[in-house]
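Colleague:
Protein chains: 4
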Amino acid sequence: MIIVMSPEATEEQLQAVVAKIRQAGLTEHVSRGTERTLIGAIGDERPLSEQAFEQMVGVERALHIVKPYKLVARENHPTGTVIDIRGVKLGGNQIQVIAGPCSVETQEQMHLAAAGVRAAGCRMMRGGAFKPRTSPYAFQGLGVTGLEYFQAAAREQHLPIVTELMDVRMLDTFLEHDVDVIQIGARNMQNFDLLKEVGRVNKPVILKRGLSATISEWLMAAEYIAAGGNHNIILCERGIRTFETAYRNVLDITAVAMLKKETHLPVLIDPSHAGGKAWMVPALARAAIAAGADGLLVEMHPNPCEAWCDADQALTPQELNELMVSLRLIATAVGREL
Amino acid sequence: MIIVMSPEATEEQLQAVVAKIRQAGLTEHVSRGTERTLIGAIGDERPLSEQAFEQMVGVERALHIVKPYKLVARENHPTGTVIDIRGVKLGGNQIQVIAGPCSVETQEQMHLAAAGVRAAGCRMMRGGAFKPRTSPYAFQGLGVTGLEYFQAAAREQHLPIVTELMDVRMLDTFLEHDVDVIQIGARNMQNFDLLKEVGRVNKPVILKRGLSATISEWLMAAEYIAAGGNHNIILCERGIRTFETAYRNVLDITAVAMLKKETHLPVLIDPSHAGGKAWMVPALARAAIAAGADGLLVEMHPNPCEAWCDADQALTPQELNELMVSLRLIATAVGREL
Amino acid sequence: MIIVMSPEATEEQLQAVVAKIRQAGLTEHVSRGTERTLIGAIGDERPLSEQAFEQMVGVERALHIVKPYKLVARENHPTGTVIDIRGVKLGGNQIQVIAGPCSVETQEQMHLAAAGVRAAGCRMMRGGAFKPRTSPYAFQGLGVTGLEYFQAAAREQHLPIVTELMDVRMLDTFLEHDVDVIQIGARNMQNFDLLKEVGRVNKPVILKRGLSATISEWLMAAEYIAAGGNHNIILCERGIRTFETAYRNVLDITAVAMLKKETHLPVLIDPSHAGGKAWMVPALARAAIAAGADGLLVEMHPNPCEAWCDADQALTPQELNELMVSLRLIATAVGREL
Amino acid sequence: MIIVMSPEATEEQLQAVVAKIRQAGLTEHVSRGTERTLIGAIGDERPLSEQAFEQMVGVERALHIVKPYKLVARENHPTGTVIDIRGVKLGGNQIQVIAGPCSVETQEQMHLAAAGVRAAGCRMMRGGAFKPRTSPYAFQGLGVTGLEYFQAAAREQHLPIVTELMDVRMLDTFLEHDVDVIQIGARNMQNFDLLKEVGRVNKPVILKRGLSATISEWLMAAEYIAAGGNHNIILCERGIRTFETAYRNVLDITAVAMLKKETHLPVLIDPSHAGGKAWMVPALARAAIAAGADGLLVEMHPNPCEAWCDADQALTPQELNELMVSLRLIATAVGREL
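Protein chains in written order, with the UniProt record's numbering: chain A, 1 to 338; chain B, 1 to 338; chain C, 1 to 338; chain D, 1 to 338.
(1) So residue 382(C) and F174(C) are in contact, right, with Cβ under 8 Å, and what is the actual spacing, rounded?
(2) What is the residue span of the alpha helix (DSSP H) that S31(C) lies within?
(3) Assign R123(C) to buried or exposed, taking buried as 16 or more other Cβ atoms, counted over all protein chains shown, within 10 Å of its Cβ.
(4) So, with DSSP's three-state summary, where would you put I95(A)?
(5) I need the DSSP call for residue 370(B), collapsed to helix, strand or coil.
(6) Report the CB separation of V30(A) from M56(A) in whole angstroms; it is logged as a contact under 8 Å.
(7) Can you look up S103(B) in the DSSP assignment and give me helix, strand or coil?
(8) Taking C-beta to C-beta, are G25(A) and H264(A) nearer than 8 Å?
(9) For E11(B), does the count of other Cβ atoms within 10 angstroms reach 16, so buried, or fall short, so exposed?
(10) Which residue wins for smallest C-alpha separation from A287(C), given the options T163(A), E164(A), D252(A) and R36(A)?
(11) Looking at chain D, is there any beta carbon in it that lies within less than 8 Å of the beta carbon of R36(C)?
(12) So, is P317(A) buried or exposed, given that buried needs 16 or more other C-beta atoms within 10 angstroms?
(13) Does K70(C) come out as helix, strand or coil in the three-state DSSP assignment?
(14) Closer than 8 Å, Cβ to Cβ, to anything on chain A: give me those residues from the region 113-137 of chain B, in chain order.
(15) Roughly how many angstroms separate the alpha carbons of V276(C) and I269(B), rounded to a whole number?
(16) Please report whether the beta-carbon of G275(B) lies at a distance below 8 Å from any beta-carbon of chain E.
(17) In whole angstroms, what separates the C-alpha of D193(D) from that of P78(B)?
(18) Using only alpha-carbon positions, find the residue among N303(B), A154(B) and A293(B) that is nearest to H177(B).
(19) Does the beta-carbon of R36(A) have 16 or more other beta-carbons within 10 angstroms, so that it is buried, or is it exposed?
(20) If you follow the beta strand (DSSP E) that R61(D) is in, where does it begin and where does it stop?
(21) Rounded to whole angstroms, what's the CA-CA distance from L112(A) to A9(D)? Just pull it up for me.
(22) Could you list the residues in the region 145-167 of chain C with a C-beta less than 8 Å from some C-beta on chain D, going in chain order?
(23) Using a Cβ-Cβ distance cut-off of 8 Å, determine whether Y247(C) contacts chain D.
(24) The alpha helix (DSSP H) spanning M280(D) covers which residue range?
(25) M110(D) and A62(D) look like a contact to me (Cβ under 8 Å); what is the Cβ gap, rounded to whole Å?
(26) Check this for me: beta carbons of L315(C) and L323(C), under 8 Å apart or not?
(27) I want to verify the contact list: residues of chain C whose CB lies under 7 Å from the CB of P78(B), in sequence order.
(28) In chain B, which residues lie with their C-beta within 8 Å of the C-beta of R241(C)?
(29) I want to see whether chain B comes within less than 8 Å of S6(A), judged by CB atoms only; does it?
(30) I2(A) touches chain D at which residues, Cβ-Cβ below 9 Å?
(31) Using DSSP with H/G/I as helix, E/B as strand and the rest coil, what is M125(A)?
(32) Kindly list, in the order they appear in chain A, the residues whose Cβ is closer than 8 Å to that of A227(B).
(33) Is any beta-carbon of chain D found at less than 8 Å from that of R336(B)?
(34) Going by CA-CA distance only, name the one from D312(D), E299(D), V201(D) and E28(D) that's closest to D44(D).
(35) Figure out for me which residue from L327(D), T332(D) and N303(D) has the closest Cα to the Cα of T106(D).
(36) Any contact between the region 80-97 of chain C and the region 128-135 of chain C? By contact I mean 3 or more CB pairs, one from each, below 8 Å.
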């Protein structure tokens, strides 16, 4: 940590900072500049708080130098993590496209959806049984019945399933129904009690980025899961909130490049939620693979016009098929498998 | 709802939209313009989804006209709600400043804090026993022990208490410890299962605005609580996330004016979290009262330099005292009581 | 335009709106709903202002339905525009990568840069003689001497040049020095007097998106140029400003998909300014081409370590070479030429 | 400046950084930590660029410690600047409310407006003769004729005038027509050629904040003007661009507190453009004065319904009158004069 003293700081104020550094078991290094004096705190600075120094008289600013995340940092784990989901590999050279409907509606819809996912060559399926909805009056998901419909359809096609967990009290039910990958949604990215709980189980977790979460906050949320012992974490960028109103969110493609440098965890892109419109999905999906993403989470519905939620962002089975063809060309161009 | 057809839409496509409107039990009103045709859906449009229309061929846009919130809307409840918290009124003509430390640390700290809150003339106290922290390695709060320290100190000073609930599984414990006001933090504003649970109890709830939640999303989160039967809801603006890096958040003072128009619920401002620095608190607090807020949530610590979290944003008891003096002048200037 | 009356609007207030619509030469269409009444204004609504209606008593909202841009809209010009720059085509099937240094420094640097641009297979060159710098104390560009160095180097390699115009008073000088493409920078996107002036000349213009300009504002800025008679406009997305601090800007890849739908003008991406770091450029560049961009504006410097500005975002000539190889694979994958 | 070396940096890479620091005439101070080594560059660091260090191999980050602005910094000028505008003081203890219409329309409108401004007790008048409009098809202002109408009306009421300059070529005309205060609009905040020109004249300048300009960029724009020799600079916050769509902009009240600490220049608030609605103006105006602003820029129109632009944000003369009454109460509460 570096503590920047203000130009008018006194020697006593400086010594108080030095004392606080030593008290924490670190050593100080004082650099007296022409306008300001800097104090470096040398040692493991992670437990020090910038705020504890910034409120001291004579201190202008305190800056952490070491990254706050450790278990998820690539610095400490240079090789990219490959996650095995019932035999399906995600990460490394292997790209995966996880497709399926926004929400589970009926057993028949799920059978059709699963067949479409399989036919397009995808190896995992997504679908929501518990839905986070902005309005209390909107359809909230079929709940446990939805999980059952989902598993019945997906198992038939040998597709591992991904579904969202919103409530800690439902975790046991997820495990009993043998959910393969637990998804933590954007709105729960900093629901720390939920993160702690999924950190204790031995199931892969897809952690979606909060609508306005920084890369650092997102990696710290992943660190919560990892700190509990579960290192099977997959990050998923799904568009961030900005001033632009022409589309629902702005897909942050730069995040892919940054995450590949900062963490060893696999990175997915959700082009369906990012743009909010089915016609945008192919362009965003191609960009994601070209930028180095390890896969996609894509909405597909056997009959989008009849979808109970997010109707205008789901692809048809035929469109998913065409998307996969064009994505394989991009994957080959960047030297990876799909 | 208004459905805007694209310029090249056919008569068949228009008729499909009309059919869908009628199917939902509403009637249509077609306006053929020079460039585009509009279709108005007349009736209770709340169950209709914009997306279900926007994915239809020939439709360019669908727009809700009626607001999505009902129970919390001022339209349906013109008089402002006054909430009674163990005899302390919040809302109407009465402004309340709720002060206290960021986190409960020791019994002694809480006794000193409660005495300071009382001495400054505040009538309610805040303090965190369960803390949402960005890092899993940071202090997470004293938990139930913290609740006990808090109640012991506050009851002595006859101060109702406000404290944050993060985990649904803790709600019963909160009720057993007789927490007076349950706070839902910014990161949990769209933790819908938590909202549903506090909607079922008969305790006032302070609902903080999410870091990048729109006014509409925030009111819909309040609607979740109200829909459960609990109408004792207090909104609290605590700064929003923007591009600016010179301060932690941007206090959205415009939200006060807008909320006073849109909802009958009381509105607080948290100037401590908004600015992130104790020296900013007086200016922001005065602005809040001048703009029409019903009160404040302010951090005060008997010894800020020793605070275990957010050290640089807490006022000293003396500073809280001075703040109250200056706020009373502003309250008088706007014709209210503090 | 649609005018939404508030629930308590009186018949007189409604008639006042109707009168105002008729006064503007349009006709009204009144839809009386269960909660609100809507009035559609039928005819050419472009001259009507939403604000003029919204300040009328009884009006809740007024909404334009027709897009505010006309000349640049794809609706009125379905085929994509191809721009010819001294024989080099931009748009249609042909992708162009325009490379060169951030700023013109010396004649020798420009000769080396031009040779590097040519060797990598690029067909146009960029470089700044007039530099918009945040600080008045930073290097402001070589000015006219810079234009001369640039032309001397680029003409030798038969490369048309792109350079930024900041001051209307310099336009004649640009024309005298035979600048091939005039760039309008992000900070001047709404410098309307500058837009009007470049609208009067017969030179292609690259219009960069403002740091927080919406798609609509950007297209309206292009409309300013087109309204002056100059239709040779190229749009360039260069990253938008958001809450994220891990990188300089967020490259808005969704804008490419949206612009391809909304306008017939070619769209470039500037991956160098977006990310702000040379190591990010390849990933962002590949994403841009995969998403459908018509080309790139890339910073390359013969010796990045010695660059006078933006040193850490310039590629070396060798890196540009490698980038072009990988971009050609992506171009082929999406069925285009580079 | 502090240069943070990456964990794997070699001794040679560190020595290269040291050499570069010495070459710039500064001295280094090396702190070897347990994970990373820091190098402090001691001396006048302003000419050093962070980027020039960040592109060196082995460097992780470079951070300026000294603020980039000098002439406008309070650090170098502890007393707040008071600006004298034809005898009217702005800054110090004196608050000023500058009112008038968005745009100059007719001579009669300006006479009525000037009389209203005077009657409300305001001492300066605003009005636009040259208007920056998003659309090329919207009313662009009356130009020089507008200046004449404005002066004729304002002089009669002995009101100094404030009006916006958009084009450098118009500066002489502004001086000939004896404009008292030159306004630089939000869209031109970083039109550096315009800033340089107004830096050369001896007229007060109101510099509005760009829609998404940081405090630092804004102060650097002011530094451009000051660096030219003109120190009569007034800053004006007018709302920033965020994700919120319920109002036009978010008034950044925190900026007032921060600017009072960082700069000696007076600070105005424009509540009319911030909120975009006349009904919001009183709440925002009161908040501004309570937070410590030195004045306001407020839109008033003798007949808002007939205004040619921004009709729904202008107050009536009567509303301005009432606003002044309530603002005087707030001014008194904070110990200042209005």
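For every residue, glycine included, the Cβ atom is placed at its ideal position computed from N, Cα and C.
Modeller: By the coordinates alone:
(1) Residue 382(C) is absent from the structure shown; chain C starts at 1 and stops at 338.
(2) Looking up residue 31(C) in the third sequence gives position 31. Premise fails: S31(C) lies in the beta strand (DSSP E), T27 to R32, not in any alpha helix (DSSP H).
(3) Start at 1 with the first residue of the third sequence, and residue 123(C) comes out as number 123. It counts as buried.
(4) In the first sequence, the residue the question calls residue 95(A) occupies position 95. In the structure shown, I95(A) sits in coil (DSSP, three-state: anything other than H, G, I, E or B).
(5) In the structure as shown, chain B begins at 1 and stops at 338. Residue 370(B) is therefore absent and cannot be evaluated.
(6) Residue numbering aside, residue 30(A) sits at position 30 when the first sequence is read from its first letter. Residue numbering aside, residue 56(A) sits at position 56 when the first sequence is read from its first letter. Contact flag wrong, Cβ pair sits at about 15 Å.
(7) Working through the second sequence from its first residue, we reach residue 103(B) at position 103. Looking at S103(B) - three-state DSSP - the assignment turns out to be strand.
(8) For the purposes of this step, residue 25(A) is identified with residue 25 of the first sequence, where counting begins at 1. For the purposes of this step, residue 264(A) is identified with residue 264 of the first sequence, where counting begins at 1. Contact: no.
(9) Along the second sequence, one-based indexing puts residue 11(B) at 11. Exposed.
(10) For the purposes of this step, residue 287(C) is identified with residue 287 of the third sequence, where counting begins at 1. It is D252(A).
(11) Your numbering for residue 36(C) matches position 36 in the third sequence. Output row for R36(C): interface = no.
(12) For the purposes of this step, residue 317(A) is taken as the residue at position 317 of the first sequence. Classification of P317(A): buried, given that the 10 Å Cβ count is 16 or more.
(13) Walking along the third sequence from the start, residue 70(C) turns up at place 70. Of the three classes helix, strand and coil, the one that applies to K70(C) here is coil, per DSSP.
(14) P132, R133, T134, S135, P136 and Y137
(15) Here residue 276(C) corresponds to residue number 276 of the third sequence, with the count starting at 1. Here residue 269(B) corresponds to residue number 269 of the second sequence, with the count starting at 1. In the sequence as presented, Val is not what sits at residue 276(C); that position holds Gly. Near 37 Å, if we compare the C-alpha coordinates of I269(B) and G276(C).
(16) In the structure shown, chain E does not exist; the protein chains are A, B, C and D.
(17) Walking along the fourth sequence from the start, residue 193(D) turns up at place 193. Walking along the second sequence from the start, residue 78(B) turns up at place 78. Answer to the nearest angstrom: the Cα atoms are 53 Å apart.
(18) In the second sequence, residue 177(B) corresponds to position 177, counting from 1. That would be A154(B), whose Cα lies nearest to the Cα of H177(B).
(19) The sequence position of residue 36(A) within the first sequence is 36, counting from 1. Classification of R36(A): buried, given that the 10 Å Cβ count is 16 or more.
(20) Numbered from its first residue, the fourth sequence carries residue 61(D) at position 61. Taken as a continuous stretch (DSSP letters only), the beta strand (DSSP E) holding R61(D) covers V59 to L63.
(21) Position 112 of the first sequence, counting from 1, holds the residue named residue 112(A). Position 9 of the fourth sequence, counting from 1, holds the residue named residue 9(D). So the two alpha carbons sit approximately 55 Å from each other.
(22) M166 and D167
(23) Counted from its first residue, the third sequence places residue 247(C) at position 247. No - not a single Cβ of chain D is within 8 Å of the one on Y247(C).
(24) Looking up residue 280(D) in the fourth sequence gives position 280. Neither: M280(D) is in no alpha helix (DSSP H) and is coded neither H nor E.
(25) By one-based count along the fourth sequence, residue 110(D) stands at place 110. By one-based count along the fourth sequence, residue 62(D) stands at place 62. Actually they are not in contact, since the Cβ atoms of M110(D) and A62(D) sit about 53 Å apart, beyond 8 Å.
(26) Here residue 315(C) refers to the residue found at position 315 when the third sequence is read from its first residue. Here residue 323(C) refers to the residue found at position 323 when the third sequence is read from its first residue. Against a cut-off of 8 Å, the Cβ pair of L323(C) and L315(C) comes out as a contact.
(27) Translated into the one-based positions of the second sequence, residue 78(B) becomes position 78. Per Cβ cutoff of 7 Å: no residues; P78(B) is ~10 Å from chain C at best.
(28) As a first step, residue 241(C) must be located in the third sequence, where it is residue number 241. Near R241(C) (Cβ distances below 8 Å), the residues of chain B are F243.
(29) Counting from 1 along the first sequence, the entry for residue 6(A) is found at position 6. Cβ-Cβ to chain B under 8 Å: no for S6(A).
(30) Stepping through the first sequence from its first residue, residue 2(A) is reached at position 2. Going along chain D in sequence order, the residues near I2(A) (Cβ under 9 Å) are I2, V4, S31, L38, G40, L63 and I65.
(31) Taking the first sequence and counting its residues from 1, the one referred to as residue 125(A) is at position 125. Of the three classes helix, strand and coil, the one that applies to M125(A) here is strand, per DSSP.
(32) Taking the first residue of the second sequence as 1, we reach residue 227(B) at position 227. Within 8 Å Cβ-Cβ: P136 and Y137.
(33) Position 336 of the second sequence, counted from the first residue, corresponds to residue 336(B). R336(B) does not count as touching chain D.
(34) Here residue 44(D) corresponds to residue number 44 of the fourth sequence, with the count starting at 1. Among D312(D), E299(D), V201(D) and E28(D), the Cα nearest to that of D44(D) is on E28(D).
(35) The residue labelled residue 106(D) in the question sits at position 106 within the fourth sequence. T106(D) has its Cα closest to that of N303(D), out of L327(D), T332(D) and N303(D).
(36) no
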